[in-house]
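Start counting the sequence shown at 1282; every next residue gets the next number (the working numbering).
Every residue, glycine too, gets a C-beta built ideally from N, C-alpha and C.
Just so we're clear, the structure is a prediction, and the values are computed from it rather than from any experiment.
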Amino acid sequence: FDGTFDGKGYTISNLTIDESDGKTAWSGLVSYSVGGTFKNVNITNAVVTGVRGAVLLGNGYGLTIDDVTITDATVTGEQKVAGLLGMAAEGSTHVITNCEVKNVQLKAAPTKHSDVQGASFAGLVAFISRDNNVTITGNTVSGISFSGLLQESFYTGKATLFYQYLSHPFIAALIGTTSSGTYDSCTATLNNNSVEQTEGLLTGPTTNDYMA
């Protein structure tokens, strides 16, 4: 999708997406977008199941997301799972403003179609990749819960940043890394966001020793 999706304040209710067969890499109301704008829409009682993804959008380059509300949803996947946006892809500008994510359950599914389970689960955005210019302003996140994430034993012997085990009600991974474990350039501006502590916030092994 590369256009403008303007919900004009309407509500999408009872959205159900099941792409657990792994044929689609990213799941959501929209799977993938280049330069898309999403605004003025409410999505409630959604159930999204896939490998990676979120209620609104799985993955995209150069995104603008404004005034989108996600409430009472369940998202299940193996990695990069979120309420609003699964992944903000590298090398572009992303703007996320005035969105609300409330009462969303994030579930880690057994690893069948990817090489990592339980990495990057978050209420707003699961994974913001490298070499981006990102503005995230005026968003509200509350009532996020996590389940099904693996224990530390899954990560034993996997000495790479790609296997970080992260969950957070707001953003799980801010500024993704290269295969060598080094950061590329990235600018992230976050202002006036509200995030409430949630139940079941999980921690696990990280590889901070690889960070310069």
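State whether the segment 1346–1363 contacts the segment 1314–1331, with contact taken as three or more CB pairs (one from each stretch) at a distance under 8 Å.
The segment 1314–1331 and the segment 1346–1363 touch, with three or more beta-carbon pairs separated by less than 8 Å.
Check for me: the beta strand (DSSP E) holding residue 1428 runs from which residue to which?
Counting along the chain, the beta strand (DSSP E) containing residue 1428 begins and ends at 1421–1428.
For residue 1291, count neighbouring Cβ atoms within 10 angstroms of its own Cβ and tell me buried if that reaches 16, exposed if not.
Classification of residue 1291: exposed, given that the 10 Å Cβ count is below 16.
Contact set for residue 1348: own chain, Cβ-Cβ below 6 Å, skip 5 residues either direction:
So the qualifying residues of the chain are 1320, 1321, 1379.
Compare the Cα-Cα distances from residue 1373 to each of 1415, 1293, 1300 and report the closest residue.
The option with the nearest alpha carbon to residue 1373 is 1415.
Complete beta strand (DSSP E) runs within the segment 1287–1336 (minimum length 3 residues, chain order)
Entirely contained in the segment 1287–1336, the beta strand (DSSP E) runs reaching 3 residues are, in chain order, 1292–1294, 1297–1299, 1311–1315, 1318–1325, 1328–1330.
Spatial neighbours of residue 1377 within its chain, please: CB distance less than 6 Å, with the 5 preceding and 5 following residues excluded, ordered by chain position.
For residue 1377, where only same-chain residues beyond five positions count, the Cβ hits under 6 Å are 1346, 1417.
So what does DSSP say about residue 1451, is it helix, strand or coil?
Residue 1451: coil per DSSP, three-state reduction.
In this structure, what does DSSP give as the bridge partners for residue 1354?
BP columns for residue 1354 point to 1385.
Distance CB(residue 1342)-CB(residue 1306) smaller than 8 Å
It is not a contact, given that the beta carbons lie outside the stated cut-off.
Should residue 1284 go down as buried or exposed, given a rule of 16 or more other Cβ atoms within 10 Å for buried?
Result: exposed.
May I ask you to report which of helix, strand or coil DSSP gives residue 1282?
The answer is coil: DSSP assigns residue 1282 none of H, G, I, E or B.
Beta-carbon spacing of residue 1388, residue 1424 below 8 Å:
One thing to note: residue 1388 has its Cβ no nearer than 8 Å to the Cβ of residue 1424.
Are residue 1330 and residue 1286 close, meaning C-beta to C-beta below 8 Å?
Not closer than 8 Å, so no.
So, is residue 1450 buried or exposed, given that buried needs 16 or more other C-beta atoms within 10 angstroms?
With 16 or more neighbouring CB atoms inside 10 Å of its own CB, residue 1450 falls in the buried class.
If you draw a straight line from the alpha carbon of residue 1304 to that of residue 1312, how long is it in whole angstroms?
Rounded to the nearest angstrom, the two C-alpha atoms are 12 Å apart.
Do you know offhand how far residue 1477's Cα is from residue 1420's?
Those two C-alpha atoms are separated by around 12 Å.
N- and C-terminal bounds of the beta strand (DSSP E) containing residue 1361:
From DSSP, the beta strand (DSSP E) with residue 1361 extends over 1360–1363.
According to DSSP, residue 1416 sits in a beta bridge with which residue or residues?
Paired residue(s): 1376, 1470.
Among 1392, 1402, 1468, which has the Cα closest to the Cα of residue 1412?
Of the candidates 1392, 1402, 1468, the one whose C-alpha sits nearest the C-alpha of residue 1412 is 1468.
Beta-carbon contacts of residue 1395 that lie in its chain and below 8 Å, excluding the five residues immediately before and after
Excluding residues up to 5 positions away in sequence, 1332, 1333, 1359, 1360 lie with their Cβ nearer than 8 Å to the Cβ of residue 1395 in the same chain.
Give the secondary structure of residue 1370 by DSSP, where H, G and I count as helix, E and B as strand, and everything else as coil.
Coil.
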